[in-house]
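What follows is a set of notes on a single structure, which appears directly below.
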Amino acid sequence: MGVYAAIIIVIGWLGYKRTKSRDDFFVAGRSVGLFAGAAAFGSAFVSASSMLAFTGFAYVYGWSIFPARLLAFGVGWSVLMIVGGWFRQLGKVSLIDFLTSRYYDGKVVRVWAAIAILSIQVVSLVVQFMGIGKVFNQITGLSYAASVVIVGILVILYVCMGGMKAVVWTDVFQYIIFFAAACTIAMFCYANAGWVDSINSIIAGVVSPKNPVPGGMLNWNAGLGAWTIIGLAVSVATQIPSTPNYIQLASSTKDPRTSRLMFALGSLLTTGFYVALFYSGIASRAIIGDVPSVIADPDTVMLYMLRNLFPPVLAGFVLSAMAAAIMSTVDVVLLSAGTTLSHDIYSNLINPNATESQSIKVATIGTMVVGGLAILGAAGRLFDMFWLGTFSAALYGASFFFPIILGFCWPRATKEGMIASSVGGWAVTVLATVFKQQWLAMSGGIPEYFPGLAVAIVLLVAVSLLTPEPPERVLKEFFPQKLSRRNVASA
Amino acid sequence: MIWQMPTTTFFVVLISVISGCFPMILFLIWDKRSKSTGGNVRS
């Protein structure tokens, strides 16, 4: 325990020494080079919580979602690569900035986008805090709920006291740590269970409560059903180009070409990481078999392996790296939530003449409220991290995917259409997820992520066609070539 | 009856290469096209 704590403190301190403020990140904007950018994308894409959730999912469901998930990543990354180049070409700083200028309504679009992003950030923070609870439960022996509450409150206080100078690890450093941890786990699994064909021959005999057929882990759907697999793939493919962090990253590169190449390279790096995670999760089933506590909470499979099978020093390294990495992710999301609340909602809607100290106060209170909500959600432990992560992905896709894509490709898309689409997509996804059982029964198994996407595209097109065309200044900024072609034709 | 996926080493490597390299291949095509159109490919 003492060794674990010491390693955490050392890694935390190293992280602190190698930090830069969020402001620095923005000021440094427009100068991010290729490799720093690709590593930043990699470390934004993978989080320690996703390490727990992914390996847990593979432990239970085997190979089932491997092809669909990876191909969905490929599609999502490709769309992000194209859209990221466009974002950089336009020179907008953030997703909210893009939406407000493309949909030419300062207030309503900005406030709605901010509310939607905040709500999704709360969900993704719950996932991160669950990761904190599970990792610290292993490290300190405190109960899961106590770990969430105590460590969670410490993180929030630390972000609030550090104010807007709160710290993030440099992305390259964080990515190397992640990659080292994933490779360590994968190599350990290889040493104990062999490569793909060898683990397959072991898991072919596995029967467990969630795969009630022999060889279920080799089954193409492992009892999940085709619709669920398609739904997971679509929600991931639409989420990737709609995530504000990646768009911000695209905007801070040197030029559009660097932005595109950065995502293409980042995808190559990240694929290796996810293949290692999938393989480790499935191999762990071959190594430890059916462990009742892990079957009950699959997210803990890696933690179980680390605690029971790994040499203590190696386990200490991986656990500390995970703990420190989750904390650094939480820092960034909490900070960004506080900033969104104070900048986009408070200063825009409630008090346009806010002084700097008022804004900082609102950001601090916002950070506490958002963090507090996430701690409550995580301590309740009502969901698997994997499904909760997928829910937040589906919300990003339903709220922003079509307004972004059509915003770039269809001049006729109007602000009324965008607001109807984004609000409708968000609300329908929330409803379909809350009433998942009823929805699945009613629709014959169509995943709960689909109605939100369908409503989003239908509303965007229909409402746009029924409302007046966007003003000329929008066409000038976003579709200069179309506008000049039209002028030539009318002359 | 279950239909098993051909999860061999070859299959895993193939899927990984396709999804990992797809954005890069698209980038190369895009880059070539954008050079021939003077850098602006949108609209």
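Listed in order, the protein sequences are those of chains S and Y. With this note's numbering as the guide, the letters of the first sequence map in order to residues 1294 to 1784. With this note's numbering as the guide, the letters of the second sequence map in order to residues 21 to 63. All C-beta atoms, glycine included, are put in the ideal place defined by N, C-alpha and C.
Given residue i as reference, the closest of the options once Cα atoms are compared
i         : options                                       : result
S:Ala1617 : S:Met1661, S:Ile1425 and S:Ser1692            : S:Ile1425
S:Ala1330 : S:Val1489, S:Ala1439, S:Ala1557 and S:Val1663 : Looking at the sequence provided, one finds Gly at residue 1330 of chain S rather than Ala. Here the closest residue by C-alpha is S:Ala1557.
S:Gly1487 : S:Ala1576, S:Leu1435, S:Thr1531 and S:Ile1496 : S:Ala1576
S:Phe1676 : S:Arg1403, S:Asp1592 and S:Ser1440            : S:Asp1592
S:Gly1659 : S:Val1452, S:Ser1340 and S:Ser1436            : S:Val1452
S:Gly1509 : S:Tyr1597, S:Ile1698, S:Ala1656 and S:Gly1355 : S:Gly1355
S:Met1615 : S:Ser1652, S:Ile1408 and S:Met1423            : S:Met1423
S:Ile1619 : S:Ser1545, S:Phe1380 and S:Val1428            : S:Val1428
S:Pro1265 : S:Ser1340, S:Tyr1352, S:Arg1766 and S:Ala1346 : Outside the displayed span of chain S (1294 to 1784) sits residue 1265 of chain S, for which this structure offers no information.
S:Leu1383 : S:Met1595, S:Val1754 and S:Leu1768            : S:Leu1768
Y:Met44   : S:Gln1421, S:Leu1681, S:Gly1367 and S:Met1661 : S:Gly1367
S:Ser1336 : S:Ala1530, S:Met1374, S:Leu1542 and S:Arg1362 : S:Leu1542
S:Phe1471 : S:Phe1728, S:Ser1343, S:Trp1405 and S:Ala1671 : S:Ser1343
S:Leu1411 : S:Leu1628, S:Phe1571 and S:Ala1474            : S:Leu1628
S:Ala1569 : S:Met1480, S:Pro1360, S:Asp1490 and S:Pro1704 : S:Met1480
Y:Ser54   : S:Tyr1597, S:Ala1439 and S:Ile1375            : S:Ile1375
S:Trp1719 : S:Glu1741, S:Leu1363, S:Arg1674 and S:Phe1571 : S:Glu1741
S:Pro1534 : S:Ile1443, S:Pro1764, S:Leu1373 and S:Trp1732 : S:Leu1373
Where residue i sits in the DSSP three-state scheme
i         : result
S:Thr1546 : strand
S:Lys1458 : The predicted position of S:Lys1458 is uncertain, since its pLDDT is 43 and thus under 50; a value taken from the coordinates is nonetheless stated next. It is helical.
S:Val1529 : helix
S:Asn1538 : helix
S:Asn1821 : Since the first residue shown for chain S is 1294 and the last is 1784, residue 1821 of chain S is missing from the structure and cannot be characterised.
S:Asn1512 : strand
S:Val1339 : coil
S:Val1325 : strand
S:Gly1426 : helix
Y:Ser54   : helix
S:Trp1680 : helix
S:Gly1330 : helix
S:Phe1772 : coil
S:Trp1520 : helix
S:Tyr1483 : helix
S:Glu1762 : coil
S:Arg1778 : helix
S:Ser1685 : helix
S:Ser1586 : helix
S:Gly1673 : helix
Y:Pro43   : helix
S:Pro1645 : coil
S:Thr1477 : helix
S:Gly1349 : helix
S:Ser1436 : coil
Y:Thr28   : coil
S:Leu1418 : helix
S:Val1500 : coil
Length of the line joining the Cα atoms of residue i and residue j
i         : j         : result
S:Met1711 : S:Pro1773 : 21 Å
S:Ala1601 : S:Tyr1483 : Looking at the sequence itself, residue 1601 of chain S is Asn, so the reference to Ala does not match. The straight-line gap from Cα to Cα measures roughly 17 Å.
S:Ser1314 : S:Val1325 : At S:Ser1314 the pLDDT is 44, less than 50, meaning the model places this residue with poor confidence; the figure from the coordinates comes in the next sentence. Near 15 Å, if we compare the C-alpha coordinates of S:Val1325 and S:Ser1314.
S:Thr1393 : Y:Val32   : 43 Å
S:Leu1612 : S:Gln1431 : 9 Å
S:Gly1700 : S:Arg1395 : 7 Å
S:Lys1400 : S:Ala1579 : 55 Å
S:Asn1538 : S:Ala1749 : 22 Å
S:Ile1389 : S:Val1663 : 19 Å
S:Phe1338 : S:Gly1559 : 9 Å
S:Ile1540 : S:Gly1349 : 29 Å
Y:Cys41   : S:Ile1643 : 47 Å
S:Gln1532 : S:Ile1413 : 12 Å
S:Val1461 : S:Ala1647 : A caution first: S:Val1461 carries a pLDDT of 42, below 50, which makes its placement in the model unreliable, though a value can still be read off. Distance between the alpha carbons of S:Val1461 and S:Ala1647 is about 27 Å.
S:Thr1564 : S:Arg1553 : 17 Å
S:Ala1407 : S:Ile1638 : 7 Å
Y:Asp51   : S:Asp1548 : 13 Å
S:Phe1743 : Y:Ser39   : 23 Å
S:Ser1544 : S:Asn1512 : 42 Å
S:Ala1656 : S:Ser1417 : 19 Å
S:Ile1358 : S:Trp1379 : 31 Å
S:Leu1785 : S:Gln1651 : Any answer about residue 1785 of chain S is impossible in this case: the structure gives chain S only from 1294 up to 1784.
Which residues of the region 1333-1361 of chain S have a Cβ closer than 9 Å to any Cβ of chain Y? Give them in chain order.
Gly1355, Trp1356, Ser1357, Phe1359 and Pro1360
Please go through the region 1351-1412 of chain S and give each complete alpha helix (DSSP H) segment of 4 or more residues, from N-terminal end onward.
1359-1383 and 1388-1395
Which residues, in order along the region 1550-1568 of chain S, keep a beta-carbon less than 9 Å from a beta-carbon of chain Y?
Arg1550, Arg1553, Leu1554, Phe1556, Ala1557, Leu1558, Gly1559, Ser1560, Leu1561, Leu1562, Thr1563, Thr1564, Gly1565, Tyr1567 and Val1568
Runs of alpha helix (DSSP H) lying entirely within the region 1588-1640 of chain S, each at least 4 residues, in chain order:
1594-1601 and 1605-1632
Starting from the N-terminal side, write out each stretch of the alpha helix (DSSP H) that is 4 residues or longer and does not extend beyond the region 1712-1741 of chain S.
1729-1736
Give me the subset of the region 1474-1504 of chain S whose CB atoms are less than 8 Å from a CB atom of chain Y, sorted by chain position.
Trp1488, Val1489, Asp1490 and Asn1493
Chain S contacts from the region 32-51 of chain Y (Cβ-Cβ distance under 9 Å):
Flagged, chain order: Val32, Val33, Ile35, Ser36, Val37, Ile38, Ser39, Gly40, Cys41, Phe42, Pro43, Met44, Ile45, Leu46, Phe47, Leu48, Trp50 and Asp51.
For the region 1689-1722 of chain S, which residues have a CB atom closer than 9 Å to at least one CB atom of chain Y, in sequence order?
Phe1701, Cys1702 and Pro1704
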